[in-house]
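Adding 286 to a residue's 1-based position in the sequence shown gives its number in this note's numbering.
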Amino acid sequence: MRGPSAVAHRVGQLREQLEAVPDLNPSDTVDALFTELVELCCSTPPRVAEAAMAGLDQHASALQNLCAHGESALEAYWARRITAATDPEAELARFPYLNNYRDLVRMELGMVAAMGEPRPARVAVLGSGPLPLTGLLLAGEHDARVVHVDRDGDSLASGEAVAGALDAPGAVTAVRADLEDPDCMDTLVQAGVHTCDVVVLAALAGQDARAKRAIGERLGALLPARTLVLVRSAVRLRRLLYPQVRAEDLTGLRVELEVHPYTDIVNSVLVARPAGAGTV
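So, in structure tokens, the structure goes:
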């Protein structure tokens, strides 16, 4: 087992190697580096991880940025593969992180049940990305109707193409909106986000505490009081992969439950409700 200093040293090496590649598009080299980084962040024992993290704060922002760009490139690549495949379902099954998404969605649905709420019939995924697996799994395996929201038009078009290839278009709609823009509220209302049972805030929707705070305030004003908001976060070494979100960062929401996995599931999840009754 690696000690804290060895973990910190290897993280620094992985950052240097990722910064040195020509681009972050999927390749044998890029895939191997990200795979090792994710495994290191998830498998390091908690006590060792906390000790190592104390010396890694200087890497966090750069690694989060690298991971965000790498994840976007990976999703776009696999979205193209799935939509071009003669058997899209079989191609989706080859996506290397599909089971991680399945496990995360199951965990989140378990958290919804723990809050005393039924399985959601209508879900909004904010920050759905070019391969919107959360929404597609909710629609395809859990019978939810899903609204995908993203600020990037190309990502939305990619997600719509994947949904069409997988014969899920009737259960999924896509809406372009920038959650950090104060003028997004009308768009969210028109999309019916305020009518959803559950709203999922993706880990990369709002890259820092200021952005998460702004989004939380808007959701708090938009949503009815019983709506559950699932906010994806990260703790321990996983903070090198995704931004950490704390309850105090969500000023428009009241956090009622937190789960921090010790498994291969990367994301922590905070469950919140609007701090006050929605205005819609």
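Every residue, glycine too, gets a C-beta built ideally from N, C-alpha and C. Because the structure is a prediction, the values reported are computed rather than measured.
Taking 9 Å as the cut-off, the Cβ atoms of residue 396 and residue 489 do not count as close. DSSP places residue 332 inside the alpha helix (DSSP H), whose first and last residues are 332 to 339. For the pair of segments examined, the stretch 442 to 453 was found to touch the stretch 417 to 430: the number of CB pairs separated by less than 8 Å reaches three. Taking the CA atoms as reference points, residue 359 sits about 20 Å from residue 518. Shortest Cα-Cα distance from residue 423 to any of 550, 406 and 436 involves 406. Counted as a single uninterrupted DSSP element, the stretch harbouring residue 379 is not any beta strand (DSSP E) but the alpha helix (DSSP H) occupying residues 374 to 379. Between the alpha carbons of residue 421 and residue 439 lies a distance of about 17 Å.
Pairing residue 452 with residue 374 gives a Cβ-Cβ distance under 9 Å. DSSP, reduced to helix, strand and coil, places residue 466 outside both helices and strands of the structure shown, so it counts as coil.
Under DSSP, residue 487 takes part in a beta bridge, and its partners are 412 and 517.
In the structure shown, residue 362 falls within a helical segment according to DSSP collapsed to helix, strand and coil. For residue 436, the secondary structure class from DSSP, reduced to helix, strand or coil, is strand. Residue 326 and residue 528 have their C-alpha atoms roughly 14 Å apart.
Residue 540 sits in a strand when the DSSP states are folded into three classes. With a contact defined as Cβ atoms closer than 8 Å, residue 293 and residue 324 miss out at about 14 Å. Its chain contains 359, 360 and 363 as the residues whose beta carbon lies nearer than 7 Å to that of residue 312, once the 5 sequence neighbours on both sides are disregarded; these appear in chain order.
Burial of residue 436 is indicated by the presence of at least 16 other C-beta atoms within 10 angstroms of its C-beta.
With a cutoff of 9 Å on beta-carbon distance, residue 352 and residue 298 are scored as not near each other. In summary, residue 394 is buried, with 16 or more beta-carbon neighbours lying within 10 Å of its beta-carbon over all protein chains present.
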